[in-house]
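A.B. asks: Encoded as structure tokens, here's the structure I'll be asking about.
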Amino acid sequence: MNRKNWMGKLNDSMLLSNISIPGTHNSAAIFPFMIPTGQIQTQLWDIDIQLNNGIRFLDIKCRLIEDVLALYHSDVYLNQNLSDILTSCLVFIKNNPTEFIILSIKQEGDDGKFHDVLLKSYLSVYLDYFFIIDKIPSIEEIRGKIILLCRYQDGNMGINVMPWEDDKTFVIDNGYYKVHVQDEYSGYTVLSIKNKRKPINDLIALAKRKGDDEIYINYTNIGGYLVTPFIGANGFTEDDGINKWFSNEYKHRTKSYLGIIVSDCVDAQEGEIIDTVINANF
């Protein structure tokens, strides 16, 4: 499977809710700019490399700084702004028009102007390339588009996932569609990495009974005492890394729905977790 344009093999009539999609957690936290670097860096590949390797869900956290949406992980500025991410996304979908990208934007901080700045300075500039209708679209409707997923208050465009419940598994009922989320990330130790397997498995099992009006977003990342994103993904020992376990557990489940799988360090095992999620569609 060619990761760069794998969506070209999807049927136009399929719904977004029925596609298994690989994603990255804290997608822009690429380089360790500040101490403690081990907890800040979640990815080794930059956004361009992620997209060229099949990633189609980006998890971005922005803080409004002097009318600029700057990218942050916790309180750490990542030396990038939202405009940098949009440039990478636009270049990619222009060169690969069969593809689409889900862009999850979370607001860091509580500046009340966040939505207005996002709309006027970013979305309106690139409006032709965004799908911002609050519904579950077909693949035909979103090829060559960026689908906005809103993790900020007062967001009335795109797929709504508010209110987001921190460190939980929960459901957002938007009336005519639902979004199921598993984001149980904290409190792990190097001896309990394997405990993350259950919430991941539980959400995938629940998704087997899903309808067309349900989207499932399953975060595989973890954190905790001495558990960095790298250790969570790759393991403290050879066999307990989440990414390797997930690939071994699900790589043979073709033509089955896994949902949107959002992970740290997707480069692990040469990106095997990406192939596992993509291949579930075929």
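The numbering of the sequence shown is the working numbering, which starts it at 319 and goes up by one. We put the CB at the ideal spot given by N, CA and C, even for glycine. Bear in mind the structure is a predicted one, so any value in this text is a computation, not a measurement.
1. Go through its chain and collect everything with a Cβ distance to residue 343's Cβ below 7 angstroms, but skip five positions before and after it.
2. Using C-beta distances below 7 angstroms, list every residue in its chain close to residue 354, excluding the 5 sequence neighbours before and after it, in chain order.
3. Give the secondary structure of residue 388 by DSSP, where H, G and I count as helix, E and B as strand, and everything else as coil.
4. Are the beta-carbon atoms belonging to residue 457 and residue 330 less than 7 angstroms from one another?
5. Do residue 565 and residue 588 have their beta-carbon atoms positioned less than 7 angstroms apart in this structure?
6. So, is residue 442 buried or exposed, given that buried needs 16 or more other C-beta atoms within 10 angstroms?
7. Are at least three pairs of beta-carbons, each pair with one atom in the segment 462-478 and one in the segment 418-436, less than 8 angstroms apart?
8. If we call anything under 7 angstroms between Cβ atoms a contact, is residue 498 one with residue 508?
9. Give me the residue from 510, 534, 512 and 530 with the minimum Cα distance to residue 521.
10. Between which two residues does the beta strand (DSSP E) holding residue 422 run?
11. Grab the span of the beta strand (DSSP E) containing residue 340 for me, first residue to last.
12. Comparing alpha-carbon positions, which option in 399, 476, 388 and 447 lies nearest residue 417?
13. Compute the Euclidean distance between the alpha carbons of residue 413 and residue 510, then round it to the nearest angstrom.
14. If I follow the unbroken alpha helix (DSSP H) through residue 463, where does it start and stop?
15. So the candidates are 506, 484 and 426; which of them puts its Cα closest to the Cα of residue 386?
16. Assign residue 597 to buried or exposed, taking buried as 16 or more other Cβ atoms, counted over all protein chains shown, within 10 Å of its Cβ.
17. Are residue 392 and residue 365 closer than 7 angstroms when you measure CB to CB?
18. Applying the 10 Å Cβ sphere with the 16-neighbour rule, what's the burial state of residue 356?
19. For residue 326, name the three-state secondary structure that DSSP assigns.
20. With distances taken from CA atoms, which of 576, 415 and 505 is nearest residue 528?
21. Measuring CA to CA, which of 332, 504, 345 and 326 is closest to residue 584?
22. Considering residue 432, what are the terminal residues of the alpha helix (DSSP H) in which it resides?
23. Give a yes or no on whether the C-beta atoms belonging to residue 411 and residue 462 are separated by under 7 angstroms.
C.D. replies: On the basis of the supplied data:
1. Locating residue 343 in the sequence shown gives position 25, where the first residue counts as 1. Answer for residue 343: 360, 377, 537, 539, 580, 581 and 582, listed in chain order.
2. Counting from 1 along the sequence shown, the entry for residue 354 is found at position 36. With a pLDDT of only 48 at residue 354, under 50, the local geometry of the prediction cannot be trusted, and no value is derived from it.
3. Your numbering for residue 388 matches position 70 in the sequence shown. Note: residue 388 maps to strand in three-state DSSP.
4. Stepping through the sequence shown from its first residue, residue 457 is reached at position 139. Stepping through the sequence shown from its first residue, residue 330 is reached at position 12. Result yes, Cβ atoms of residue 457 and residue 330 sit closer than 7 angstroms.
5. Position 270 of the sequence shown holds residue 588. Position 247 of the sequence shown holds residue 565. For residue 588 and residue 565, no; Cβs fall outside 7 angstroms.
6. Position 124 of the sequence shown holds residue 442. Residue 442 is exposed by the Cβ-count criterion.
7. Yes: at least three Cβ pairs fall under 8 angstroms.
8. The residue you call residue 498 lines up with position 180 of the sequence shown. The residue you call residue 508 lines up with position 190 of the sequence shown. It is not a contact, given that the beta carbons lie outside the stated cut-off.
9. The sequence position of residue 521 within the sequence shown is 203, counting from 1. Ranking the options by Cα distance to residue 521, first place goes to 534.
10. On the sequence shown, position 104 is the one that residue 422 refers to. Start and end: 419-426.
11. Along the sequence shown, one-based indexing puts residue 340 at 22. Residue range 339-342 is occupied by the beta strand (DSSP E) that includes residue 340.
12. Taking the sequence shown and counting its residues from 1, one reaches residue 417 at position 99. The shortest Cα separation from residue 417 among 399, 476, 388 and 447 belongs to 447.
13. As a working note, residue 413 is residue 95 in the sequence shown. As a working note, residue 510 is residue 192 in the sequence shown. Looking at the two C-alpha atoms, the distance is approximately 43 angstroms.
14. Walking along the sequence shown from the start, residue 463 turns up at place 145. Careful: residue 463 lies outside any alpha helix (DSSP H) and carries neither H nor E.
15. Along the sequence shown, read from residue 1 onward, the residue named residue 386 stands at position 68. When each option's Cα is compared against that of residue 386, the closest is 426.
16. The count along the sequence shown starts at 1 and reaches residue 597 at position 279. Buried, because 16 or more other Cβ atoms sit within 10 Å of the Cβ of residue 597.
17. What you label residue 392 is simply residue 74 of the sequence shown in a count that begins at 1. What you label residue 365 is simply residue 47 of the sequence shown in a count that begins at 1. Not closer than 7 angstroms, so no.
18. The residue labelled residue 356 in the question sits at position 38 within the sequence shown. Classification of residue 356: exposed, given that the 10 Å Cβ count is below 16.
19. The residue given as residue 326 occupies position 8 in the sequence shown. Residue 326 falls in the helix class under three-state DSSP.
20. Reading the sequence shown from its first residue, position 210 is the one you call residue 528. The shortest C-alpha separation from residue 528 is found at 576.
21. Position 266 of the sequence shown holds residue 584. Per the Cα distances, 345.
22. For this step, residue 432 is matched to residue 114 along the sequence shown. From DSSP, the alpha helix (DSSP H) with residue 432 extends over 432-435.
23. As a first step, residue 411 is located in the sequence shown; it is residue number 93 there, counting from the start. As a first step, residue 462 is located in the sequence shown; it is residue number 144 there, counting from the start. Closer than 7 angstroms, so yes.
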